[in-house]
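Residue numbers (the working numbering): 42 to 93. What follows is a short report on a single structure.
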Amino acid sequence: MEQLAKDAHVSIQAVYSLRDSGLASLREARRVFAVLDIHVHAYPVEMVSLSL
């Protein structure tokens with residue numbers, strides 16, 4: 042988890058949040074998914090409010 046956060050240039054809390062609740066800011070989620078080579082076409086609307 043620590044290495045993923047480091048590679049994605051996000052906080053470890055963002056990685057844990059994605060794992061535990063499936064939510065993080067859009068910017069953080071996109072960075073994590075890019076490192077994992079996950080291509081997302083739609084994000085939960087709840088992530089928008091985390092990004093404001």
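We treat Cβ as the ideally placed atom computed from N, Cα and C, and that holds for glycine.
Annotation for A65: no alpha helix (DSSP H) segment contains it, and DSSP assigns it neither H nor E. By the C-beta density criterion, V86 is exposed, having fewer than 16 other C-beta atoms within 10 angstroms. Counting along the chain, D48 sits inside the alpha helix (DSSP H) bounded by residues E43 to A49.
Rounded to the nearest whole angstrom, the C-alpha separation of Y84 and S90 is 12 Å. Take V76, set aside five residues on each side of it, and the residues of its chain with a beta-carbon closer than 8 Å to its own are L45, D48 and A49, in chain order.
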